[in-house]
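Colleague:
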Amino acid sequence: MVILKFKGIDTLDDVAKYRQAGLYVTRENAVKLGRDEYFIADLIGVDVYDEEEQRIGVLEDVLETGANDVYVIRRTDGGELLLPAIRQCVLDVDVQGRRMKVHVLEGL
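So for the sequence shown, the numbering used here puts the first residue at 84; every next one is plus one.
Structure representation (structure tokens):
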């Protein structure tokens, strides 16, 4: 939970119309990312490859579960792969190159 204060919005009545609204931040005002951290918006649409450089599909969503994120990958065959965003599965992410290399654990 986050509590924010905006200039010019001083009462509960003033803020009521913004309840449950999205909050957007420009890139220059965004938090600085650490190593192996990415903005979800930068991951959506990234091509996903396995260790043998075979294209698996495209990352189309990120589910925030609390324990770890889960990447929703639309497979090239039309199916869906839910891949945990953990070090054992996500081998390399190249945001600039729009490419991700993954290891698909047995059973996924």
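Backbone N, C-alpha and C fix where the C-beta goes; we use that ideal spot for every residue, glycine too.
Pick helix, strand or coil for leucine 212, following the three-state DSSP scheme.
Modeller: With the chain covering 84 to 191 only, the question about residue 212 has no answer from this structure.
Colleague: Would you tell me roughly how many angstroms separate the C-alpha atoms of glycine 140 and leucine 116, rounded to the nearest one?
Modeller: 26 angstroms
Colleague: Give the single residue among Val155, Val131, Ile169, Glu189 whose Cα lies nearest to the Cα of aspartate 119.
Modeller: Ile169
Colleague: Does the Cβ of isoleucine 156 have 16 or more other Cβ atoms within 10 Å, making it buried, or fewer, making it exposed?
Modeller: buried
Colleague: Note the first and the last residue of the continuous alpha helix (DSSP H) segment covering aspartate 119.
Modeller: Element bounds for aspartate 119: n/a, residue is neither H nor E.
Colleague: From the DSSP output, which residues share a beta bridge with glycine 140?
Modeller: Val131, Arg158
Colleague: Just to confirm, is the Cβ distance from leucine 126 to leucine 142 under 7 angstroms?
Modeller: yes
Colleague: Starting from aspartate 97, trace the alpha helix (DSSP H) both ways and give me its first and last residue.
Modeller: Residues 95-98.
Colleague: Over what stretch of residues does the beta strand (DSSP E) that includes alanine 184 continue unbroken?
Modeller: Note that residue 184 is lysine in the sequence shown, not alanine. It spans 182-185 - the beta strand (DSSP E) in which lysine 184 sits, taken as one unbroken run.
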